[in-house]
Structures are given as C-alpha cells and as structure tokens.
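Residue numbers (the UniProt record's numbering): 1 to 417.
Worksheet: one structure, shown below.
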Amino acid sequence: MDLQTFLEDKFTQWSPPEPRVLKRTKCSITLDWHNVEPFHFISDELLYRLEKNEKMPPWVVVYRGGKTSKEIDNLAPRHCHKFRLRVIVKASAVPSLAARALQHYGDEAAVYEAMEAVGGSGDGCGTAAGAPAAGDGAVSAAPSSDGVGGLADELEDTRSAGRTARHKWLESRWSGLTWSSTDTDGTSAVCFCMAVRCGYLKQVQGMLDERPALIGITNSTNGFTPLATAVRKGDINTVRFLLGAGAEVEQRSTSGQAALHLAVLSASIPIVQLLLEQGADFEARDLNGLRVEHYAVDSCSLDMLRCVLDRGGDVHAEDNSGWTPLFRALCQNAATAVIEELVVRGSSLEQADRAGLPLTSAARLLRDRHGRGRDSVLRLVDSSYPHEKALANFTRLTKKIYNVQSLLKLPSPRNNN
Numbered sequence: 001m002d003l004q005t006f007l008e009d010k011f012t013q014w015s016p017p018e019p020r021v022l023k024r025t026k027c028s029i030t031l032d033w034h035n036v037e038p039f040h041f042i043s044d045e046l047l048y049r050l051e052k053n054e055k056m057p058p059w060v061v062v063y064r065g066g067k068t069s070k071e072i073d074n075l076a077p078r079h080c081h082k083f084r085l086r087v088i089v090k091a092s093a094v095p096s097l098a099a100r101a102l103q104h105y106g107d108e109a110a111v112y113e114a115m116e117a118v119g120g121s122g123d124g125c126g127t128a129a130g131a132p133a134a135g136d137g138a139v140s141a142a143p144s145s146d147g148v149g150g151l152a153d154e155l156e157d158t159r160s161a162g163r164t165a166r167h168k169w170l171e172s173r174w175s176g177l178t179w180s181s182t183d184t185d186g187t188s189a190v191c192f193c194m195a196v197r198c199g200y201l202k203q204v205q206g207m208l209d210e211r212p213a214l215i216g217i218t219n220s221t222n223g224f225t226p227l228a229t230a231v232r233k234g235d236i237n238t239v240r241f242l243l244g245a246g247a248e249v250e251q252r253s254t255s256g257q258a259a260l261h262l263a264v265l266s267a268s269i270p271i272v273q274l275l276l277e278q279g280a281d282f283e284a285r286d287l288n289g290l291r292v293e294h295y296a297v298d299s300c301s302l303d304m305l306r307c308v309l310d311r312g313g314d315v316h317a318e319d320n321s322g323w324t325p326l327f328r329a330l331c332q333n334a335a336t337a338v339i340e341e342l343v344v345r346g347s348s349l350e351q352a353d354r355a356g357l358p359l360t361s362a363a364r365l366l367r368d369r370h371g372r373g374r375d376s377v378l379r380l381v382d383s384s385y386p387h388e389k390a391l392a393n394f395t396r397l398t399k400k401i402y403n404v405q406s407l408l409k410l411p412s413p414r415n416n417n
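Set out below in structure tokens:
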C-alpha cells in the first residue's frame, strides 16, 4: 500500500475530537473544533459538517463550511443539546495528501508514526471515501454562512470537473458527542427545586456544592423556595437536609407564606414539629394576615388543628378580613368536628368581620352537599337556633293539623255544644 492510499484509508477511519464549548447564552451555544491532529497539515483544505440531535429527524445539520467555530443560535432555553462533527477533505486536495504529509512531517517514517493513533476499530461510524454519509438521517438546517465554498458547492465542482472516483472527497467518522445546555436566569433554580421535589438528595447535594446560593433561591415558576417545595411535598428527610445545609426557616415565598404555614396546611405534624424545633415563628402572618391557626382550619385535619391549639394557638386571632379561625371554618364550610373543636376551645360566637357580617349569619349560609342547611353547625354557634327550630316545627305541625281538619270538614267543638 502506497502512502497516498494509506492516508486516505486512515482519514476515513479517523474520528475527530469532540467540539469544545466556548460560550453559552440563553438561546445559543458557541462551539470550536480547530484541533484536527494528526491531519492538521491539510487544515486549509478541510470542510466541516456540524449536526445537532433532534427528535425528528434524529440529526439536523446546523453548519457546514470551512470555519473552525460556530455560534448555534435559536436554541430552546433551559434545554440540553447534543452535537457531533464530521471532517471532509476537499476533492481538490485529495491527490496531494501524501505530498502535504511528507512536506509537514519530513519523511514517510514520521508520517506512519504520526498516524499510528488513528485506529480502524470498525465502530460502524465511518463511510467510504467519496460517498455521502448514508443512514445519518440528517437534513440541512442552514446553508454555509462563511466565505469558503460549502460542501454542496464542492461536490458540484467535483462532478463538473469530471474527476475520477479515486480523487473524490474524503469523509472522517463522526466525532464523539458534545453535550451542552443553553443558559438562562433561573434555570438552576428550576432544576434545583425539581430535584428537591423529587427527593434526589444526591443531586441536590451536588448542585449545592457547585452553587451554594441555590439554598435560598426562589423558583420563578411558582414562587416557592427549595425549603417550601420540600415542605409541600411532605418529605421530612429533604426538609431536614435543607435545614442542615443552611436554609432559612423564615424565608417567605412570593405570597408571604413561611415554611411553617405550608407544613400546617399539608397537615404534616412531624414537619411542623421539626420547623418549630428549628425556631420557626409560631405567630408569623402571610400577606393576608393568616396565621397557623387559620392554616390549620384550611388543612381540614382535626389532628393538625389540635396540635396547633395545644401549642398555644389563639382561637381569637384575626386575619386582614377580621376572620377568626372559627369564622374562617364557617366560610370554608369546614367539617362539623373542626367547628365543634373551635367552639369548645372558647372561640367567640359574637364575632363579626370587617364588612359587618355576623358569625351566625355566615353559619346560616352554610349548605351541605344536598343543598340543605347545616343544622349541626347552627346548633353549635347560634344560641337562638334551637328555639327558632322548635317554633318553626310547631308552626308547621299546627298548619298540618288545620289542613287535615279542613280536608275532613270536621265540625268545630263550639257547634257541637
């Protein structure tokens, strides 16, 4: 085998190095692939084909030409992208491979020694010289944008010149994959909170090691901190880990909710106890003035309500609307057991909200799932209800008796006398 044939075979067996990431922005990634050793002696006669992995088709051409760097723009933000590279020797440069190699390396022995690293492992990625890449599944996404003739132009020139099959262009194998992701403000926060929500403590630890500030960042998607995310999920192990990593127990979400509020709302008594042990403010209020007592009512859990009240919860605490926990329970159509617990604990039955609506009037508006009034609640909060109910029943019974007498046309006792 002469040197020319040897170099052609070696080039078709060669896989170039993976493209290197130079820069990332919100919607673009800049790649560089200037290293083409051991074929750098013909770097001025090389063309490059860069492809990006997609779903359909699997690979899309994003660049082809003679440049050794390229900014791939219009990429989806907050996404991972994969790229691969193929190097092509221009057809006009193929006949001079041996001469250029000897000029650069000095003698044939040096050329053979330099090419030893180029293996022929037969990984199925290479193509024959002069043949287009069959089965790549790639389509062109953009034409060549530099001043050097593109691959398509080179192929056309080759055909028009009537060159022999021996001296058509040469293609290398595909390089290894380059993985990178577009950057954006809040990307790390979203990914970190997702790892927290899934309970992936190993990934959470790795992200914190890389960027410690993530422990106190707020997710722009839902406004919750990592600690609040773990509390809402009810994962006490992740909550304990985040607290140990330095999470602020009093850091608020965008709605002003503290981690303790969310723990009470989730009716997670172990997490509530853990947060209180870490110094959570029991009397903290959110933007609407709600305290843990109100959130205990919203949790619809009698055990959670009792836990809060046993720890010193105030049944007379009012929010910005003037609602006490009992008033809120009535307006939220809470279970009778929750309302009874608040009444037994001494909640005021004479309460009225900021709009002047009495508590008893709110109770009279309650309806069950069948559309009927909730008598069990009215008996608890309205002292006049039993008398009114008895009077209504007596009136209804009297009316029925009168209707029966009218139907039977019974003579009155006075006429019998």
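No residue lacks a Cβ here, since even glycine has one placed at the ideal position from N, Cα and C.
Would you mind working out which of the options sits nearest residue i, comparing C-alpha positions?
{"i": "His79", "options": "Thr25, Arg100, Ala101 and His34", "result": "Thr25"}
{"i": "Asp310", "options": "Val272, Glu171, Arg285 and Gly279", "result": "Val272"}
{"i": "Ser220", "options": "Cys198, Phe192, Met115 and Gly176", "result": "Phe192"}
{"i": "Asp9", "options": "Gly322, Trp169, Ile217 and Asn35", "result": "Trp169"}
{"i": "Pro270", "options": "Ile236, Ala228, Glu113 and Ser92", "result": "Ile236"}
{"i": "Ser321", "options": "Ala335, Leu290 and Leu302", "result": "Leu290"}
{"i": "Met304", "options": "Pro17, Pro226, Ala337 and Phe83", "result": "Ala337"}
{"i": "Leu47", "options": "Pro58, Lys55 and Tyr63", "result": "Tyr63"}
{"i": "Arg369", "options": "Ala258, Leu342, Pro358 and Asn333", "result": "Asn333"}
{"i": "Ala117", "options": "Pro226, Ser361, Ile339 and Pro38", "result": "Pro38"}
{"i": "Glu318", "options": "Asp286, Ser299, Ala335 and Ala228", "result": "Asp286"}
{"i": "Ala91", "options": "Glu113, Ile42, Asp375 and Ala101", "result": "Ile42"}
{"i": "Pro212", "options": "Arg354, Gly246 and Leu380", "result": "Gly246"}
{"i": "Pro95", "options": "Met115, Leu7, Asp44 and Pro16", "result": "Leu7"}
In this structure, does DSSP put residue i in helix, strand or coil?
{"i": "Ala230", "result": "helix"}
{"i": "Phe39", "result": "coil"}
{"i": "Tyr63", "result": "strand"}
{"i": "Asp2", "result": "coil"}
{"i": "Tyr112", "result": "helix"}
{"i": "Asn74", "result": "coil"}
{"i": "Ile217", "result": "coil"}
{"i": "Asn237", "result": "helix"}
{"i": "Val21", "result": "strand"}
{"i": "Asp9", "result": "helix"}
{"i": "Asp209", "result": "helix"}
{"i": "Leu242", "result": "helix"}
{"i": "Thr360", "result": "helix"}
{"i": "Tyr48", "result": "strand"}
{"i": "Ser180", "result": "strand"}
{"i": "Glu250", "result": "coil"}
{"i": "Glu171", "result": "strand"}
{"i": "Ala131", "result": "Confidence is the limiting factor: at Ala131 the pLDDT is only 40, short of 50, which leaves the residue's position unreliable, though a coordinate-based value still follows. Coil."}
{"i": "Lys352", "result": "Note on residue identity: the sequence assigns Ala, not Lys, to residue 352. In the structure shown, Ala352 sits in a strand (DSSP, three-state: E or B)."}
{"i": "Ser255", "result": "coil"}
{"i": "Arg328", "result": "helix"}
{"i": "Arg369", "result": "coil"}
{"i": "Ser69", "result": "strand"}
Whose C-beta lies closer than 7 Å to the C-beta of residue i among residues of the same chain, with five residues either side of it excluded?
{"i": "Gly126", "result": "Low confidence applies to Gly126: its pLDDT is 41, below 50, so where it sits in the model is not reliable, and the reading given next is rough at best. Only Thr12, Gln13 and Arg173 meet the Cβ criterion."}
{"i": "Ala230", "result": "Val196, Thr238, Val239 and Leu242"}
{"i": "Tyr295", "result": "His261, Val264 and Leu265"}
{"i": "Ala138", "result": "With a pLDDT of only 46 at Ala138, under the threshold of 50, the placement of this residue in the model should not be trusted; the figure read from the coordinates follows. Only Glu51, Pro57, Trp59, Val60 and Val61 meet the Cβ criterion."}
{"i": "Val249", "result": "Leu243, Ala259, Leu275, Gln278, Gly279 and Ala280"}
{"i": "Arg345", "result": "Leu309 and Val315"}
{"i": "Pro132", "result": "Since pLDDT at Pro132 reaches only 41, below the 50 mark, its modelled position is unreliable, and the value read off the structure follows with that caveat. Closer than 7 Å at the Cβ level, and outside the excluded window around Pro132, lies no residue."}
{"i": "Leu342", "result": "Val315, Pro325, Leu326 and Ala329"}
Starting from residue i and walking both ways along the alpha helix (DSSP H), at which residues does that stretch end?
{"i": "Phe224", "result": "Run containing Phe224: none; DSSP gives neither H nor E here."}
{"i": "Thr336", "result": "Thr336 to Val344"}
{"i": "His316", "result": "From DSSP, His316 is part of no alpha helix (DSSP H); its letter is neither H nor E."}
{"i": "Glu293", "result": "Val292 to Asp298"}
{"i": "Asp382", "result": "No alpha helix (DSSP H) holds Asp382; DSSP gives it neither H nor E."}
{"i": "Tyr105", "result": "Leu97 to Tyr105"}
{"i": "Gln278", "result": "Run containing Gln278: none; DSSP gives neither H nor E here."}
{"i": "Met304", "result": "Leu302 to Asp310"}
For residue i, report the span of its beta strand (DSSP E) as first-last.
{"i": "His81", "result": "Cys80 to Val89"}
{"i": "Asp32", "result": "Ile29 to Asp32"}
Within its chain, find whatever has a CB closer than 8 Å to the CB of residue i; leave out the 5 residues flanking it on each side and keep chain order.
{"i": "Met207", "result": "Ser188, Cys191, Phe192, Ala195 and Leu214"}
{"i": "Ser268", "result": "Val231, Gly234 and Ile236"}
{"i": "Arg159", "result": "Per-residue confidence for Arg159 stands at a pLDDT of 47, beneath the threshold of 50, marking its modelled position as unreliable; the derived number appears in the next sentence. So the list is empty, once near-sequence residues are dropped."}
Tell me which same chain residues have a C-beta within less than 6 Å of the C-beta of residue i, skipping the five on either side of it?
{"i": "Thr178", "result": "Glu18, Pro19 and Phe83"}
{"i": "Ser181", "result": "Cys80"}
{"i": "Thr68", "result": "Trp33 and His34"}
When you compare the CB of residue i with every CB in chain D, is at least one pair closer than 9 Å?
{"i": "Leu357", "result": "No chain D is present in this structure, which holds just one protein chain."}
Quick test of the definition: if touching needs 3 or more C-beta pairs under 8 Å, does the stretch 194-203 touch the stretch 94-114?
Short answer: they don't touch.
When the Cβ atoms of the stretch 22-39 are set against those of the stretch 70-84, are three or more pairs found closer than 8 Å?
Contact check between the stretch 22-39 and the stretch 70-84: three or more CB pairs, one atom from each, fall below 8 Å, which counts as touching.
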